[in-house]
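According to the numbering used here, the sequence shown is numbered sequentially starting from 3.
From the three backbone atoms N, C-alpha and C, an ideal C-beta is built for every residue, glycine too.
For reference, the structure discussed in these notes is given below.
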Amino acid sequence: MRVFVLCAWLLTAGLGGYLAVVWIRHGGLRQRTPGVTRLPLWLVVGHVALAVAGLAAWSAYLLGGVRSSAWAACAVVLIVAAFGFMMLLRWLPSSGRHAHGAATAERHFPLAAVVAHGTSAGATVLLVLLVVLRRV
Numbered sequence: 003m004r005v006f007v008l009c010a011w012l013l014t015a016g017l018g019g020y021l022a023v024v025w026i027r028h029g030g031l032r033q034r035t036p037g038v039t040r041l042p043l044w045l046v047v048g049h050v051a052l053a054v055a056g057l058a059a060w061s062a063y064l065l066g067g068v069r070s071s072a073w074a075a076c077a078v079v080l081i082v083a084a085f086g087f088m089m090l091l092r093w094l095p096s097s098g099r100h101a102h103g104a105a106t107a108e109r110h111f112p113l114a115a116v117v118a119h120g121t122s123a124g125a126t127v128l129l130v131l132l133v134v135l136r137r138v
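Next comes the structure, spelled out in structure tokens:
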């Protein structure tokens with residue numbers, strides 16, 4: 003089950019990497035003016051950095067069997083999921099006065115990729131929780 007969690011995490015990371023490439027190709031890093039992008043750089047970088055840190059903690063748990071690494075990965079993956087949910091809410095279309103339509107880089111995300119990334123992320127969070135809590 004622990005290796006299955008690793009596979010789910012790597013699938014989620016691969017889908018997230020694809021979304022990052024789409025975002026960067028359409029100017030996500032260049033659109034730093036407030037109102038031009040809905041995804042602040044701190045949120046995107048924090049999401050990625052914490053996901054990598056959580057994956058490293060989970061790998062340490064797999065290689066060394068240290069329970070504290072599994073708990074650290076569990077805590078980090080919950081924070082990563084919260085960041086991802088914040089990005090999802092910012093990505094959803096709105097008709098407010100500050101809505102920019104197709105002008106933002108994240109408007110180029112394919113819906114299927116966003117749904118696949120979110121679904122695999124949700125499965126990863128649940129699997130991590132199941133593995134960690136089953137050992138208590």
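If you ignore the 5 residues before and after residue 72, its C-beta comes within less than 6 Å of the C-beta of 63 and 134, all in its own chain and listed in chain order.
Non-local beta-carbon contacts of residue 81 in its own chain, meaning distances under 7 Å to residues more than five positions away in sequence, involve 52 in chain order. In the structure shown, residue 70 falls within a helical segment according to DSSP collapsed to helix, strand and coil.
Taking the Cβ atoms as the reference, residue 41 lies roughly 10 Å from residue 85, outside the contact range of under 8 Å.
Residue 91 has its alpha-carbon roughly 29 Å from the corresponding atom of residue 6.
Shown here, residue 121 sits in a helix according to DSSP, grouped into three states. For residue 14, the enclosing alpha helix (DSSP H) has its first and last residue at 4-27.
Its chain contains 21, 24, 25 and 93 as the residues whose beta carbon lies nearer than 8 Å to that of residue 111, once the 5 sequence neighbours on both sides are disregarded; these appear in chain order. Annotation for residue 123: 14, 83 and 86 place their beta carbon closer than 7 Å to its own, counting only its chain and skipping 5 residues before and after. If you check the CB distance, residue 121 and residue 79 do not come in under 8 Å. When secondary structure is reduced to three states using DSSP, residue 111 falls in the coil class, being assigned neither helix nor strand. For residue 48 against residue 107, the beta-carbon gap comes to about 18 Å, at or over 8 Å, which does not count as contact.
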